[in-house]
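So the structure is just underneath, and the comments pick up after that.
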Amino acid sequence: MKSIIARINKSLLENYPLVWNTKLVWMLSIGLGIHLLFFLLGVVSLISPTILQESNAIDLYFTTGMVLVGIILSVIVLTVWLLAMFRNNAFKNFYPQTAATLFYQFLHYLVIVFTCITFYYSYTLGLQAYTAVTYTDTRMDQEIATINKVAPFFTHDIRKYTVDNAKYPSPLDQLYCDRNEKRIDLSAPHYKFKGEYYQFYSLISKTILYDRMAIDEGDFADFEIQTAVSDDPSVDENTNPSGIGTIKASIYKPNSIDQEQPVDPYADDLYLFQKRKGDSITMYYRKAIVDISDFVKTGEPSYFHYSDLFYDPSYMPRDYRTASYNDYGEEEWNLELSGLEKEIIAENHALLERADKAEIESLLTDFLAIATTYRIKNNLTVEPWLELVYHPSDFRIKGLINADNYTYDKRNVSRFENNAAMEIYINEMYSAYYLDSEKLKTALGNISELKRDNIFETSIHIFMWITFVVSLLIFMFRTSGLKPLIFSIIAAGLVMVFIALIFATTGFMGGYNSSEYFLTIVALLILGSISLSGIFLMTSFKKVVGGVLMNLTLASFVPILWLLVILISSIQSDACDRQPIGESDYRDTCFELLRDASPACSYAIMVLTLLFIWMYSRRIMSWRAMPEG
Amino acid sequence: MTVFETRLLDVRQFFDNNDLDLGYRRLMDCCMDTQDMGIYLKCIDLTQWKESHPEDKEGFMARASQLLDRLSSHTVVPAAIAAPVINAVAITKKYSSSGFVLGPATLDVYKSHVYGLVGENGNGKTSLLRILALELSYDSGELGYSFDSVITSDYELRSRLVYVPQRTQKWYGSLKDNLKFVLSNYNTPPPEIETRMLMMIARLGLWNYQDLKWSELSSGYKMRFELARTLLRKPEVLLLDEPLANLDVLAQQVILEDLRSICNSISHPIALVLSSQQLYEVEKISDTVIYLKNGVYTEDNQKDDTTSDTQLIIEIDCNTARTTLETVLKEADLVKLEYNGGVYLAYFPQTTPVYRVLEVLGRHSINLTYLRDISRSTRRFFVS
């Protein structure tokens, strides 16, 4: 082995002195070896499925301390590398070099540093590889289908089984159930259970489009706005000519809107809740009371009323669904069931309608097998569970199953805190059984995320720029030496202090209130001046000063480009805000460089920076040739 | 007879006179002049054999003779040396902090020539060397360079001007790797790198030290390795600052002789400028001695006072009383006798030959410790 290494080294030294000096081959070999190790660690990390029960399994690298191992290994490997590389420096010794050689040297640094700091990728790819192989799409489709079919029988939360949850059959999915006792019309059809009232309404809606120009003009600007009103929320209001009218709207400050504050609730007591979508807000109002007795078997809690989708395969733990509000601060009133939700609800309804004991038993058996595979905590067995749920007449809830094994879950009572009868009822309903179904959902979400998440999408830019900064520092040290590098760091600090002082002074005087571009332009001018000096006047100064300018030029190029992007984006943003309201969503038509293309900007800036360093290498060589004193 | 043939003949004579070490070193120079890797390998084999059979002189002679025979069939084309590599005209450099002014210095530096730069400490030797190497800027004057190939950038010019400071930097890693790294960077064909490196190691007497670490080397051998690295760069100009500073007397002579011989290469002559305090040794090998005093430049005997052209100056060390010595030397037409606290300096007319002074001293049984004719040596500037 030693002789092989010696032979390779000899060959590299004789044929590729730069590669030999930067230890590229060995560093890549070591780096790839460590990557392989991390990959394997990632693979074995998920052998126990209990890991999947913790949230954000895709971030296991950070939550298990592997990140520390990775950082320590990166530091050790890079330190050893630098010690080995610093033994020889052809550029410093005036051995024949070209600007291209100097640039290639920098590229070597980039490759080596990137390889040695990105063990996160290998580890997480290990997780993903294990997940992809173990939890195949076919297997997951089958298991998720079973889980979603059995989910109604989890029976954790009585709230999910009350009549207000009923969404099937139609038109239940288009109705709103009012539970506010004060508003219940007792003379009209309604349900009452343990002191709780349920009355169903049909709805009408109004949609308001924002006018950004009006928003910019001031607070609570009153203006006329065209709205589309439809009594059928499933119909696109903008295409429905009926019911178009004009209403008076008050607009809050833009920042209030950004924080998703509700638009001024109308003084209309028919108003129920609203939903935001893009630049529009749709408000819903009650229309008429509906008698649903033909569609439900009982007004008491029943498995028939369960209308949730336990696990949506498209769900990712990192998804944040658009929040919406209603008057009561309660959960979203879901009027727009997805296709899968509709399908599952219908299937479950059909299952209950069939009331086939063997079928339900088979489902419960399959589910418990799945729960065992994922090591989900539970004390359920098929028979008592079946006994608990199987009441074929109306599938009323006869008992609740705890969501974990600690104690009876009292959370469900909170909604009924002023309802003693309901509280007593719920306490009596809890059985001694438990099933940690949330862990199962988390595990499924983790698997889904591990299989689908592109871990490079955002993080690649972070690693790319860390690599660039580290490589640039090494490059500066290798070309200019330690003294100019230290002076450069001090000078960079002074420049930043100077810029901060200008900002602070101007801010104190209120100067930049008049122009939001002021800070960007000032920073651009200062950094631009330094760079131009570093490009054209570097050799006019003493060598140390020239070296400092050279380093500052190398360091300021990237900030200059980012500042330009910020400036362009600010101009674009202002132009967008000045655009009149259009038929289509303004965000779709108005392009802002930083907001809409920041990854592309990041790549483009990196490419431009590399081009710049390549061209600037010639100047670096001229600086090196300067007399020392 | 070509120059190369003459040199081969010299080598044979050294061997015939049993000057084996000298002959061997000259033999290696001849081998290096051929630039033939086959010859290099033979020479390396000979070195290896010599180091493993240090007592077998006859065997070595036989092998060396075979190599010489092989060399005889080679032709070496002499390189052009007529034009100066460095042309400095009225170079001056002023240090504002101390007020010291170097120059104006005017000199042409030719290949195959050795320039000894002498002078007391702080008189500008290092400054002049660094200016010639473009390590230091100068205030006025003109500095021109003329190399075998066209220089396209300042960096390339700096890479051609090989300057070795008095304190060389530490080497890290294997000594041989450091040497190979030079060759590799100079685009030496890969198959030749090992051979050229070993040849240089052999030439500078480093064969038994090639596998040591830098920290295990004495100062003298560190300088030799530095020279090896420098010479592998195939310099046309070599600027050495006090290369003898850490060497013992014998090593100084050997190094200087080696440098002189290497710089005098037929195929790749080098212009060597070296500074040193070792006057005698430097004067012995230098073609031109440059004396710097307070930054003022004097080449050889061109000092403003013309004593060297008109007088015989003898440096004498003995225990005889000054009056006695003065009386005795008057017989050889003594002009004046000075004592600087260590040695006597006796001045005679130009017509007095050295042997006349020796004859007078011998006749009066003066016990001499040391006597040297310094009429044409820069030593006269130091001791007077």
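These protein sequence lines are chains B and S, in that order. The numbering of the first sequence is the working numbering, which starts it at 210 and goes up by one. The numbering of the second sequence is the working numbering, which starts it at 43 and goes up by one. Glycine residues also receive a C-beta, built at the ideal position from the N, C-alpha and C atoms. Since we're looking at a predicted model, the values are computed, not measured.
DSSP state of residue i, grouped into three classes?
{"i": "B/N611", "result": "strand"}
{"i": "S/I358", "result": "strand"}
{"i": "S/D347", "result": "With a pLDDT of 48 at S/D347, under the threshold of 50, the predicted position of this residue should be treated as unreliable, and no value is reported."}
{"i": "S/A287", "result": "coil"}
{"i": "S/T44", "result": "coil"}
{"i": "S/S179", "result": "coil"}
{"i": "S/T420", "result": "coil"}
{"i": "B/G871", "result": "Missing from the structure shown is residue 871 of chain B; chain B here goes from 210 to 838 and no further."}
{"i": "S/D190", "result": "coil"}
{"i": "S/A313", "result": "strand"}
{"i": "S/Q392", "result": "coil"}
{"i": "B/L334", "result": "helix"}
{"i": "B/S212", "result": "helix"}
{"i": "S/K255", "result": "coil"}
{"i": "B/Y370", "result": "coil"}
{"i": "S/D52", "result": "helix"}
Assuming residue i is part of the alpha helix (DSSP H), what are its boundary residues?
{"i": "B/M759", "result": "752-787"}
{"i": "S/L379", "result": "Taken as a continuous stretch (DSSP letters only), S/L379 belongs to no alpha helix (DSSP H), being part of the beta strand (DSSP E) at 378-381."}
{"i": "B/C810", "result": "807-833"}
{"i": "B/K566", "result": "566-582"}
{"i": "S/Y322", "result": "321-327"}
{"i": "S/D71", "result": "62-76"}
{"i": "S/K84", "result": "79-94"}
{"i": "B/V289", "result": "275-294"}
{"i": "B/Y377", "result": "Careful: B/Y377 lies outside any alpha helix (DSSP H) and carries neither H nor E."}
{"i": "B/I554", "result": "548-563"}
{"i": "B/V598", "result": "591-598"}
Just curious, the beta strand (DSSP E) that residue i is in, first and last residue?
{"i": "B/S680", "result": "B/S680 -> not in any beta strand (DSSP E); alpha helix (DSSP H) instead, spanning 665-689."}
{"i": "S/V385", "result": "No beta strand (DSSP E) contains S/V385, which DSSP labels as neither H nor E."}
{"i": "S/N509", "result": "Chain S is shown only over 43 to 426; residue 509 of chain S falls outside these bounds and no answer can be derived."}
{"i": "B/A641", "result": "639-643"}
{"i": "S/G158", "result": "156-160"}
{"i": "S/I408", "result": "Note, S/I408: premise wrong, no beta strand (DSSP E); not H, not E."}
{"i": "S/V431", "result": "Since the first and last residues shown for chain S are 43 and 426, residue 431 of chain S lies out of range."}
{"i": "S/I332", "result": "330-335"}
{"i": "B/F157", "result": "Residue 157 of chain B falls outside the range modelled here, since chain B spans only 210 to 838, and no answer is possible."}
Sort the options by Cα distance to residue i and report the nearest one.
{"i": "S/L259", "options": "S/K212, S/P232, S/E184", "result": "S/K212"}
{"i": "B/V757", "options": "B/E263, B/T307, B/M685", "result": "B/M685"}
{"i": "B/W235", "options": "B/A293, B/I267, B/L282", "result": "B/A293"}
{"i": "B/L261", "options": "B/I553, B/T582, B/A397, B/R296", "result": "B/T582"}
{"i": "B/I243", "options": "B/I256, B/S212, B/V284, B/E223", "result": "B/V284"}
{"i": "B/Y344", "options": "B/K376, B/A834, B/P258", "result": "B/P258"}
{"i": "B/I775", "options": "B/L802, B/F750, B/I321, B/L277", "result": "B/L802"}
{"i": "B/K650", "options": "B/R584, B/Y639, B/S742", "result": "B/R584"}
{"i": "B/Y494", "options": "B/K586, B/Y385, B/A732", "result": "B/Y385"}
{"i": "S/G383", "options": "S/D375, S/I355, S/D359, S/R112", "result": "S/D359"}
{"i": "S/L246", "options": "S/T44, S/L301, S/E236, S/V156", "result": "S/L301"}
{"i": "S/F142", "options": "S/N336, S/Y386, S/A125", "result": "S/N336"}
{"i": "B/E390", "options": "B/I356, B/P380, B/S778, B/F402", "result": "B/F402"}
{"i": "S/G145", "options": "S/K153, S/T134, S/H155, S/S138", "result": "S/T134"}
{"i": "S/P277", "options": "S/E268, S/A313, S/F267", "result": "S/A313"}
So who's on the other strand from residue i, going by DSSP bridges?
{"i": "B/A497", "result": "B/S411"}
{"i": "S/E234", "result": "DSSP, once it has assigned bridges, lists no residue as partnering S/E234."}
{"i": "B/N265", "result": "Bridge partners of B/N265: none, in fact."}
{"i": "S/I130", "result": "Note on residue identity: the sequence assigns Ala, not Ile, to residue 130 of chain S. Answer by DSSP bridge pairing, in chain order: S/L149, S/L185."}
{"i": "B/Y342", "result": "According to the sequence displayed, residue 342 of chain B carries Val and not Tyr. For B/V342, which the question treats as bridged, DSSP gives no partner whatsoever."}
{"i": "B/C386", "result": "B/F409"}
{"i": "B/L802", "result": "According to DSSP, B/L802 bridges with nothing at all."}
{"i": "B/S511", "result": "B/R605"}
{"i": "S/Q211", "result": "Looking at the DSSP assignment, S/Q211 forms no beta bridge with any residue, so it has no partner."}
{"i": "B/N587", "result": "B/L644"}
Run the proximity test for residue i: is its beta-carbon closer than 7 Å to any non-hydrogen atom belonging to the ligand MN?
{"i": "B/N760", "result": "Looking at this structure, you won't find the ligand MN or any other ligand, since it has none at all."}
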